[in-house]
Amino acid sequence: MPHMNTRFVLAGMVSLLMPACSYGPKVDRFPPAQHPSGIASLLYVAGDTLDAEVLAVEEDALLVLVDSAGQHRLAGRLARIPFPGITRGRFAHAGGVRRGFFDRGFALSANVRPYEATGEDLAANPEDRANLQLLSRYPQGVGDELLARLEAAYGELETLDPDGEP
1 MPHMNTRFVL
11 AGMVSLLMPA
21 CSYGPKVDRF
31 PPAQHPSGIA
41 SLLYVAGDTL
51 DAEVLAVEED
61 ALLVLVDSAG
71 QHRLAGRLAR
81 IPFPGITRGR
91 FAHAGGVRRG
101 FFDRGFALSA
111 NVRPYEATGE
121 DLAANPEDRA
131 NLQLLSRYPQ
141 GVGDELLARL
151 EAAYGELETL
161 DPDGEP
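Structure follows, in structure tokens:
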């Protein structure tokens, strides 16, 4: 019987200490959880670089709000970029968690790294698309009514062809 009591005491101590351990990214250190915008992306399209916010992830394309662009005149505009047109993309805070033991003193911390992929990668990997979709501004997708409101605010949606041309 005394052996059984020891097990209960140890189990109780462990259950009390478990909440003291933190693991994974915290809301105060995870930018996508702090504001309603979608994740930031840097997209290489037809020799140009687009700095854009991911609004939604579709089956075959990204719907983005372009912050800045080199050759394309898309800054401040909505754009639909088919996956074949994306030479390379870099998505902030979407690459999973890198665990470090001594990053902040002796506390277990988690640093979220960017995710990099080509358009072919995104087209071929539904799991990666689903992860990006969760971090987009509209993870549920953009319906006709919402698209009309976005177009009223940012102008008509530009769809780039797979070669990156509007």
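For the sequence shown, our numbering assigns the number 1 to the initial residue and increments by one for each residue that follows. Heads up, the beta-carbon is just placed ideally off N, CA and C, and yes, glycines get one too. Remember, predicted model here, so these are calculated numbers, not experimental data.
The beta strand (DSSP E) enclosing residue i, as first and last residue numbers
i    : result
G89  : 86 to 91
L150 : Looking at the DSSP string, L150 is not in any beta strand (DSSP E); the run it does join, the alpha helix (DSSP H), is 144 to 154.
S68  : 61 to 69
T167 : Residue 167 is absent from the structure shown; the chain starts at 1 and stops at 166.
R73  : Careful: R73 lies outside any beta strand (DSSP E) and carries neither H nor E.
D43  : Checking the sequence, you will find Leu at residue 43 rather than Asp. That run of the beta strand (DSSP E) goes 40 to 45.
Y115 : 115 to 117
Start-to-end residues for the alpha helix (DSSP H) that takes in residue i
i    : result
R129 : 126 to 135
Close-in-space but distant-in-sequence residues of the same chain around residue i (CB under 7 Å, 5 per side omitted)
i    : result
G141 : A56
N129 : Note that residue 129 is Arg in the sequence shown, not Asn. Correct list, in chain order: V57, L122.
R104 : Below a pLDDT of 50, predicted positions are generally treated as unreliable, and R104, at 44, falls in that range; the measurement from the model is reported next regardless. Correct list: empty, nothing qualifies.
E151 : L78, L157
Paired residues, beta bridge with residue i - DSSP
i    : result
R77  : Answer is none; R77 lacks a bridge partner.
P82  : A61
E120 : E120 is not bridged to any residue.
Exercise. Is the segment 65 to 77 touching the segment 42 to 57 in the sense that three or more CB pairs, one from each, lie closer than 8 Å?
Worked result: yes
Exercise. Would you say the segment 116 to 129 touches the segment 76 to 89, given that touching needs at least three Cβ pairs under 8 Å?
Worked result: yes
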